[in-house]
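Undergrad: This is the structure I have questions about; it appears just below.
Protein chains: 2
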Amino acid sequence: MINYPNGKKKTFTKTIQKTDASHRGMELESEINQSNQYYLSYDCAIIHKKPTPVTIVKVDYPMRTAAKITEAYFKVPSTTDYNGIYKGRYIDFEAKECSSKTSFPIKSIHPHQIAHLKSVAKHGAISFVIIRFTTLNETYYIDSLRLIHYIETCNRSSVPYTWFKENGILIQYRYQNPVDYLSVIDQLYFKENNK
Amino acid sequence: MINYPNGKKKTFTKTIQKTDASHRGMELESEINQSNQYYLSYDCAIIHKKPTPVTIVKVDYPMRTAAKITEAYFKVPSTTDYNGIYKGRYIDFEAKECSSKTSFPIKSIHPHQIAHLKSVAKHGAISFVIIRFTTLNETYYIDSLRLIHYIETCNRSSVPYTWFKENGILIQYRYQNPVDYLSVIDQLYFKENNK
């Protein structure tokens, strides 16, 4: 295969994607929020991002109506960022961006998030992780038990990109629904309904 | 019926309850958190309180490791405070304390919390409200659709205490599991499993 003169065909493709105005500058979290809003507006699913956990230490009341928090600290989250309900099933997932093109560092997911995903799966949840390789602009859906099994047995500090290609499902980008993970869930869990 | 000399038999009973050291000073939220912790530790259910939603405006980094939030504001919650999974079912509820002995003010529940509870119920959730009449020290489980139907049709600004006695289920206080709402859910949704 012949590369472009600068030998960077992939980079060229990326640049085109990045200049797509509708897509530019949107990060995974805001895109998932947009998809959740889309699902909500069409009454397909009720899935929300949980607020960022903070420990509030000091609150001022400069006006009667508006309390102002003047001292607070970020807490390590004890659960995942997203949960809700879809077709009667409890949905629970975590989303992570990864700038490396070759592997995803395991330390990006907190150990209690892993424990949480494992536990909810055992209790009957649809439990998964969304990982975006930002440089490649590819977003994968990965069943959490499959990922956790790999993490627990691989004896490595990162999961190779190729593993996601083999074990994950690429999530399609759509204009109004940028991270359409429910269509992956439909394929995996509700196939009969689609026929 | 003859009252005590000061005519305040009820108050007397309350005082006794309040001097129960194990119970004293605990509020509904912390008791529910304790129950959730109890369910979690016995691997019965995975139900968490969501963090308080805040808008973070300013963050300082006095040390490399510790970010300090120096300006933030409380946001109106768009969902309920608690959700999770129990026996494969999605659980979603809101908890409120009420100091009046005679009625619960409807305005205590935000309109979008009501909309949220209604919506998740429609999607198959076990959706309910826990209301504690603090002065009476009685805690009720109320199916959210039943409460919402009353709120939408009653043409009143509050729900009478007697309505809760008739339509709610009293939640038992237990020492290690102070708000045992899952035993109410077992009765309502998983009766066959208990026999």
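Protein chains in written order, with numbering that gives the first Met the number 0: chain Y, 0 to 194; chain B, 0 to 194.
Note that CB positions come from ideal geometry on N, CA and C, so glycine has one too.
Treat the numbers as computed from the prediction; the structure is a model and nothing was measured.
Would R131/B be called buried (16 or more neighbouring beta carbons within 10 Å of its own) or exposed?
TA: For the purposes of this step, residue 131/B is identified with residue 132 of the second sequence, where counting begins at 1. Counting Cβ neighbours within 10 Å, R131/B comes out buried, since at least 16 surround it.
Undergrad: Can you give me, in chain order, the residues of the segment 62 to 81 of chain B that have a beta carbon less than 9 Å from any beta carbon in chain A?
TA: No chain A is part of this structure, whose protein chains are labelled Y and B.
Undergrad: Check whether the Cβ atoms of G167/B and Y139/B sit closer than 8 Å, and answer yes or no.
TA: As a position in the second sequence, residue 167/B is number 168, starting the count at 1. As a position in the second sequence, residue 139/B is number 140, starting the count at 1. Yes, the pair counts as a contact, with Cβ atoms nearer than the cut-off.
Undergrad: Cβ of H122/Y less than 8 Å from any chain B Cβ?
TA: By 1-based counting over the first sequence, the position of residue 122/Y is 123. Yes, because at least one Cβ of chain B sits closer than 8 Å to the Cβ of H122/Y.
Undergrad: Going along the chain, which residues of the segment 42 to 61 of chain Y sit with their C-beta nearer than 8 Å to a C-beta in chain B?
TA: Listed by position along the chain: D42, A44, I45, H47, K49, P50, T51, P52, V53, I55.
Undergrad: Does G87/B have its Cβ less than 8 Å from a Cβ in chain Y?
TA: Mapped onto the second sequence, residue 87/B falls at position 88. Cβ-Cβ to chain Y under 8 Å: yes for G87/B.
Undergrad: Nearest chain Y C-beta to V128/B closer than 8 Å, yes or no?
TA: Counted from its first residue, the second sequence places residue 128/B at position 129. No, V128/B does not count as interfacial toward chain Y.
Undergrad: Within 8 Å of any Cβ in chain Y, is that where the Cβ of S29/B sits?
TA: Numbered from 1 along the second sequence, position 30 holds the residue referred to as residue 29/B. For S29/B, the answer is no, since every Cβ of chain Y falls outside 8 Å of its Cβ.
Undergrad: Which residues, taken in chain order from the segment 100 to 122 of chain Y, show a beta carbon closer than 9 Å to some beta carbon of chain B?
TA: Residues H115, S118, V119, K121, H122.
Undergrad: Over what stretch of residues does the alpha helix (DSSP H) that includes N218/Y continue unbroken?
TA: Coverage of chain Y is limited to positions 0 through 194, which leaves residue 218/Y absent and any answer about it impossible.
Undergrad: Going by other Cβ atoms of all chains shown within 10 Å of its Cβ, with 16 needed for buried, is A124/Y buried or exposed?
TA: Position 125 of the first sequence holds residue 124/Y. With 16 or more other Cβ atoms within 10 Å, it is buried.
Undergrad: Is the segment 52 to 71 of chain B touching the segment 67 to 74 of chain Y in the sense that three or more CB pairs, one from each, lie closer than 8 Å?
TA: Contact between the segment 67 to 74 of chain Y and the segment 52 to 71 of chain B is present, because at least three Cβ pairs lie under 8 Å.
Undergrad: Starting from V128/B and walking both ways along the alpha helix (DSSP H), at which residues does that stretch end?
TA: Counting from 1 along the second sequence, the entry for residue 128/B is found at position 129. Note, V128/B: premise wrong, no alpha helix (DSSP H); beta strand (DSSP E) at 125 to 132.
Undergrad: Check whether the Cβ of I84/B lies closer than 8 Å to any Cβ atom in chain Y.
TA: Within the second sequence, numbered from 1, the residue matching residue 84/B stands at position 85. Yes, contact with chain Y.
Undergrad: What residue range does the alpha helix (DSSP H) around T163/B cover?
TA: For the purposes of this step, residue 163/B is taken as residue 164 along the second sequence, with counting starting at 1. The displayed chain sequence assigns Phe, not Thr, to residue 163/B. Residues 160 to 166.
Undergrad: Would you identify the three-state DSSP class for C43/Y, choosing helix, strand or coil?
TA: Translated into the one-based positions of the first sequence, residue 43/Y becomes position 44. In this structure, C43/Y counts as coil in the three-state DSSP scheme.
Undergrad: Apart from the five residues on each side of it in sequence, which residues of its chain come closer than 7 Å, Cβ to Cβ, to D59/Y?
TA: Numbered from its first residue, the first sequence carries residue 59/Y at position 60. Once the five neighbours on either side are set aside, the close Cβ partners of D59/Y are K67, T69.
Undergrad: Out of E165/B, K95/B, K164/B, point me to the one whose CA is closest to I31/B's CA.
TA: Sequence index remark: in the second sequence, residue 31/B carries index 32 (1-based). Nearest option by C-alpha distance: K95/B.
Undergrad: Flag this pair as touching only if the segment 35 to 47 of chain Y and the segment 77 to 92 of chain Y have three or more C-beta atom pairs under 8 Å; answer yes or no.
TA: Short answer: they touch.
Undergrad: Would you give the residue range spanned by the beta strand (DSSP E) that K67/Y belongs to?
TA: For this step, residue 67/Y is matched to residue 68 along the first sequence. Element bounds for K67/Y: 67 to 73.
Undergrad: Work out the CA separation of C153/B and K74/Y for me, nearest whole Å.
TA: As a first step, residue 74/Y must be located in the first sequence, where it is residue number 75. As a first step, residue 153/B must be located in the second sequence, where it is residue number 154. Cα to Cα, the separation comes out at about 42 Å.
Undergrad: Looking only at its own chain, which residues have a Cβ that is under 8 Å from the Cβ of I105/Y, when we skip the five neighbours before and after it?
TA: Locating residue 105/Y in the first sequence gives position 106, where the first residue counts as 1. For I105/Y, where only same-chain residues beyond five positions count, the Cβ hits under 8 Å are I150, R155, S156, S157, V158.
Undergrad: From E26/B, Y38/B, S34/B, pick the residue whose C-alpha is nearest to that of H122/Y; which is it?
TA: Taking the first sequence and counting its residues from 1, one reaches residue 122/Y at position 123. Per the Cα distances, Y38/B.
Undergrad: Note down, in chain order, each residue of its chain lying with its Cβ closer than 7 Å to the Cβ of T54/B, except the 5 sequence neighbours on either side.
TA: Translated into positions along the second sequence, residue 54/B becomes position 55. Closer than 7 Å at Cβ, skipping near neighbours: A71, Y72, K74.
Undergrad: Quick one: using the 10 Å Cβ neighbour count with 16 as the cut-off for buried, is S29/Y buried or exposed?
TA: Taking the first sequence and counting its residues from 1, one reaches residue 29/Y at position 30. S29/Y comes out exposed.
Undergrad: In or out: V56/Y buried (at least 16 other Cβ within 10 Å) or exposed?
TA: For this step, residue 56/Y is matched to residue 57 along the first sequence. So V56/Y ends up on the exposed side.
Undergrad: Can you name, in chain order, every residue of its own chain whose Cβ lies under 6 Å from the Cβ of D142/Y, other than the five neighbours on each side?
TA: Position 143 of the first sequence holds residue 142/Y. These residues qualify, in order along the chain: F127.
Undergrad: Along the chain, where does the alpha helix (DSSP H) that runs through T101/B open and close?
TA: Here residue 101/B refers to the residue found at position 102 of the second sequence. No alpha helix (DSSP H) contains T101/B, which DSSP labels as neither H nor E.
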